[in-house]
């Protein structure tokens, strides 16, 4: 019998810190218990950094002194096994690993006969890699999870088999796809290499580098079962239930919601609604108020005003539980409830506080109408805005933390003869043909020129524009004209259809089969929550198939987030992402980290976990590189925790010295050397330059790491490891900057943008790329002035700094780089509403490139103090910037005029792609970013891009903002002065 114990992550970190603290464990040894096959138990002091092979040799010397030694086989016949970090039994076949890297749950190693089951070993390795033991998925006993895992195992095995017959060159292109800088012209390779690319290959344990040239072209159901006209009802007598009715019995525990509930007199009621996306299919229903102490049980009819046959396939049944309070008797109970946190309803002198919400699908993953008893453990965190006081955008997964979750016991009716399914696709198409033959007007409606002009005006609006009832009717009536003349208007057509009418849905599905393919950028909108229909999403994924790997990488962040909108594991989007990831290891690496960084979130832990498992099974060869990255990040997290502890008792110099001592230990040196950078798999982090490593002054003590890259003789590479900060908003902002750079280059405008690498790798942790040979504006100004208060007003400081590193033609090139990049970031920061732009958040490279960092405030969330806005300009354009642009000559209006023209051109280019930016932000609503929680937050983009105006009006608005930035730039300098003084004081 085996017992597993789960150690909290914090405890594991403490143990690791204990092991590197020489004051506590000076000899670096720990006591380990060994269990032998003969039943003998031995305890030995083992060096923490010893390899498994050395430990086995140490044990074997001791074993000879114990009874029954003669019953043992040769030493090579055995290996160690332990319970690993994910509480899974693991056999330690790789004996070159160190004990400190294995980090078993408990210091217990069992000597076992070598196993011959590779499947169990692979399962254990995958569990460690993804941070969740696969036994957890088995324990769920969920039919959908089991079926998906079986399908994905088969899918992954087929992918592996497809690689077996590849030539060496094809395998190399698959495993290490060539990457070109987007700024390189298409014909540059022809000029440089005569139509060839140079590929350099470095093999492990080999000092030589091999290079060669390659071509750049590498690259049993019936439709009438749901057609009976029957109301969908919820009532309480099972013997009166038809196959199309529901029985709903709800009980709830609310004693944990308000703390000391004995001080509060309250009742409970439940609100329920049927949704398709954000569309309410019929009027919500509300139970009567029920009293009770801990359990509130009722059994009453609740009728939905919709025919069961009209329920769409992706219908969600959404519940919300509310407490009805007459009064609050004590201040304590008022504080416990925190009423300001919740939306409330006041009616008849009573206050209704939302307690919990939960959603479930009406049809299961097989399309079967739900039946029988289910228990829904609800969620207690409510979004700021709720539709009909319900949360349809919330997950359909129940809360896995059941102990303190309000539970709803739901009973669906059971059909004793056979289950009822949603009609299959061919039956839906038959239904559409039947409708078309009986009423040809519904299929072939043509509008005159007047109606087409009105239709075009409606369809050209941005995605945030609301459609009125008359406009939706017009779009639906002229749907054939939309298909022929305005195929890009498919999203608005989908919003115009009545999803609670089977006839309309059938016609839409038929029309979708002949709808032209949309460009991938336009098809992205169809993956939004507003479009949950299975066939619509399959159509959208079909459009995405046209994406190149580079374009897919550009939008991968959003595609992972919209997986949260998928109610079922096996869907077109998850298969598409897995297929492309298994075909390109670069995409695979970023898919792995996007999923793993959020696998700790309860609502998606199973969904993301099984997709990670599927990727690992299909890319076993990639697991070693990924495991090395995971191990390195674990070490950095432990080191960061140690530094945070030391920061309270050590000064900075001694803290840095302790950090270097830790990094020089074998365990850290080996874990942090010779790994692919998670930020870019094309970069190898070879060897730490320990003396240049440091930690930064901010609260979370980020680690600044510098690597020597000896493999190809490159310059040093720097990365910053953050632990305690959510980097996902920075990732989103940098992605937008990268997209802007791409759109400008497509239009022939290169503004020298520098969207550096940033990647979230875990819960509030991740990596940031260090841009070499660059300094902050604050440091440049401080180093040029003897008085900190005057530094921000020294307009010559920046130009003199550029002159220090550039002269002659190089200086002209540096000023050109500064001018173009300054224009790009002025426009980008205005459009995205980037706030907190102090002089330590803007940097300049020695070559002249200006770039912004640290994007904690976006979409117009500018900083304020005492209710007064500290940032009063639409974007940063100070006179010292203009001094550089004008080459230090006050009257150089030609240079400044060119700069202004660049800004205006860049703005108009972005405005033409305004719908794309709105779509990408809308797809991120599920990420849980603090400044992007609802559609209202995205309104800032619509306003900054002036999407409701003509191009002339929009340009006029931008010119006014440009003049405002110039006029109010003195306020920026005042803010910078205050920041510089504080910085100088701290130093």
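Numbering (my numbering), first residue to last: 125 to 1111. Note that the Cβ used here is the ideal one computed from N, Cα and C, for glycine as well. Keep in mind that this is a model prediction, so the values were computed, not measured.
Taking the alpha-carbon positions, what's the residue i to residue j distance?
i, j, result
"residue 515", "residue 1051", "16 angstroms"
"residue 212", "residue 238", "17 angstroms"
"residue 545", "residue 432", "12 angstroms"
"residue 600", "residue 440", "24 angstroms"
"residue 1067", "residue 958", "14 angstroms"
"residue 948", "residue 907", "27 angstroms"
"residue 561", "residue 493", "30 angstroms"
"residue 404", "residue 586", "23 angstroms"
"residue 939", "residue 1090", "20 angstroms"
"residue 725", "residue 215", "29 angstroms"
"residue 435", "residue 442", "14 angstroms"
"residue 1065", "residue 1044", "11 angstroms"
Is residue i helix, strand or coil by DSSP?
i, result
"residue 898", "strand"
"residue 855", "helix"
"residue 506", "coil"
"residue 592", "coil"
"residue 801", "strand"
"residue 696", "helix"
"residue 655", "coil"
"residue 257", "coil"
"residue 395", "strand"
"residue 962", "coil"
"residue 430", "strand"
"residue 234", "strand"
"residue 447", "strand"
"residue 638", "coil"
"residue 1000", "coil"
"residue 841", "strand"
"residue 381", "Low confidence applies here, because residue 381 scores a pLDDT of 41, under 50, leaving its location unreliable and the question unanswered by this model."
"residue 514", "strand"
"residue 521", "coil"
Quick check on the DSSP output: the alpha helix (DSSP H) that includes residue i runs from which residue to which?
i, result
"residue 977", "Segment: none, residue 977 is in no alpha helix (DSSP H) and carries neither H nor E."
"residue 943", "933-956"
"residue 723", "No alpha helix (DSSP H) contains residue 723, which DSSP labels as neither H nor E."
"residue 674", "673-685"
"residue 927", "921-929"
"residue 1008", "1003-1009"
"residue 189", "Residue 189 -> no alpha helix (DSSP H), and no H or E assigned at all."
"residue 647", "644-647"
"residue 614", "614-620"
"residue 279", "267-288"
"residue 607", "603-609"
"residue 794", "790-795"
State the beta-bridge partners of residue i as determined by DSSP.
i, result
"residue 967", "900, 975"
"residue 175", "222"
"residue 818", "828"
"residue 438", "Paired residue(s): none; residue 438 is not in a bridge."
"residue 626", "Answer is none; residue 626 lacks a bridge partner."
"residue 882", "892"
"residue 156", "168"
"residue 847", "889"
"residue 497", "535"
"residue 94", "In the structure as shown, the chain starts at 125 and stops at 1111, and residue 94 therefore has no counterpart that could be examined."
"residue 811", "832"
"residue 410", "395"
Tell me the residue span of the beta strand (DSSP E) that contains residue i.
i, result
"residue 1057", "Segment: none, residue 1057 is in no beta strand (DSSP E) and carries neither H nor E."
"residue 480", "474-485"
"residue 215", "213-215"
"residue 206", "202-207"
Against chain B, does residue i count as a neighbour if the rule is that its beta carbon must be under 8 angstroms from one of theirs?
i, result
"residue 189", "No chain B is present in this structure, which holds just one protein chain."
Complete runs of the alpha helix (DSSP H) confined to the segment 1032-1097 [at least 4 residues]: 1038-1046, 1059-1068, 1075-1091
Completely contained alpha helix (DSSP H) runs for the segment 741-778, where each covers 4 or more residues: Here the runs fully enclosed are 744-770.
Continuous beta strand (DSSP E) assignments of at least 3 residues falling wholly in the segment 529-587: Fully enclosed beta strand (DSSP E) runs of 3 or longer: 531-536.
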